[in-house]
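K.L.:
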Amino acid sequence: MIDEQGYRLNVGIVIAGPDGRVFWGRRVGNRDAWQFPQGGMMPGETPEETLFRELEEEVGLRQEHVSILAHTEGWLTYRLPRRFLRPPRNRPRCIGQRQKWFLLRLNAAEAAIDLTLGPEPEFQDWRWVNYWYPIRKVVHFKRAVYARALRELAPALPKRSKHA
């Protein structure tokens with residue numbers, strides 16, 4: 480779904496493990512393209528419905544595997560660099576993403592993560608990283624949105640126990 484301003488409606492997903500580190504996925508086909516899971520909303524879908532559909536398609540996790548800890552209050556946007564803009568095909572031109580971000584806690588075992596369940600895998604590899612690490616490592620045009628989302632979601636991140 481593309482809104483009237485040309486932004487694709489989308490959800491961003493931050494999955495926190497038991498020690499507070501977060502899921503960081505490497506996109507298929509590009510060894511240096513790492514990001515959080517994200518995906519576009521379908522017509523008639525709520526952000527939460529999109530969250531659970533994309534979570535299963537991209538990471539193999541179902542609703543019962545996670546708990547929602549927080550979400551951003553509003554929508555965060557970023558524009559795509561000119562070189563990534565595609566000519567429109569019978570629909571409005573997409574100039575970027577408008578995202579609602581969710582922070583999840585993984586309640587299942589790490590083995591529940593399966594990058595091959597979706598019709599076309601988005602990720603070829605993943606790892607746990609420090610909560611703030613992605614801000615420095617994501618592609619440059621997403622950095623400001625990542626920083627805003629992580630700052631807003633951080634208060635809901637469970638504090639690590641001294642024994643973790």
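In terms of my numbering, the sequence shown opens at residue 480 and continues consecutively. The C-beta atom is built at its ideal place from N, Cα and C for all residues, glycine as well.
Between K579 and the rest of its own chain, which residues show a CB-CB distance below 7 Å, the 5 nearest in sequence each way excluded?
P.N.:
On the sequence shown, position 100 is the one that residue 579 refers to. Within the same chain, K579 has close Cβ partners V490, P526, H550, T551, W554.
K.L.:
Below 8 Å, how does it come out for the segment 529 to 541 and the segment 588 to 596: are there three or more Cβ pairs, yes or no?
P.N.:
yes
K.L.:
If you count every other CB in all the chains shown that lies within 10 Å of the CB of G523, and 16 or more means buried, which is it?
P.N.:
The residue given as residue 523 occupies position 44 in the sequence shown. G523 comes out exposed.
K.L.:
So the candidates are R565, I494, Q603; which of them puts its Cα closest to the Cα of R487?
P.N.:
For this step, residue 487 is matched to residue 8 along the sequence shown. Closest option to R487, Cα to Cα, is R565.
K.L.:
In the DSSP assignment, the alpha helix (DSSP H) including I614 goes from what residue to what residue?
P.N.:
Here residue 614 is taken as the residue at index 135 of the sequence shown, counted from 1. Unbroken alpha helix (DSSP H) run through I614: 612 to 616.
K.L.:
With distances taken between CB atoms, is the gap from V507 to F602 smaller than 8 Å?
P.N.:
For the purposes of this step, residue 507 is taken as the residue at position 28 of the sequence shown. For the purposes of this step, residue 602 is taken as the residue at position 123 of the sequence shown. Contact flag set, yes.
K.L.:
Please report the Cβ distance between V545 and L596, rounded to the nearest whole angstrom; I am assuming they are in contact, meaning their Cβ atoms lie under 8 Å.
P.N.:
As a first step, residue 545 is located in the sequence shown; it is residue number 66 there, counting from the start. As a first step, residue 596 is located in the sequence shown; it is residue number 117 there, counting from the start. That belief does not hold up - the Cβ atoms of V545 and L596 are roughly 15 Å apart, past 8 Å.
K.L.:
Thinking just about the alpha-carbon of each residue, which of G496, D482, W503 is nearest to the one in M521?
P.N.:
Residue 521 sits at position 42 when you count from the first residue of the sequence shown. The shortest CA-to-CA distance from M521 to any of G496, D482, W503 is the one to D482.
K.L.:
Quick check on F563: does DSSP put it in helix, strand or coil?
P.N.:
Your numbering for residue 563 matches position 84 in the sequence shown. It is helical.
K.L.:
Does any residue of chain B have a CB that is nearer than 8 Å to the CB of E631?
P.N.:
As a matter of chain content, chain B is missing from the structure shown, which is built from one protein chain.
K.L.:
Determine the DSSP secondary structure at F531, reduced to helix, strand or coil.
P.N.:
Within the sequence shown, the letter at position 52 stands for residue 531. Helix, per DSSP.
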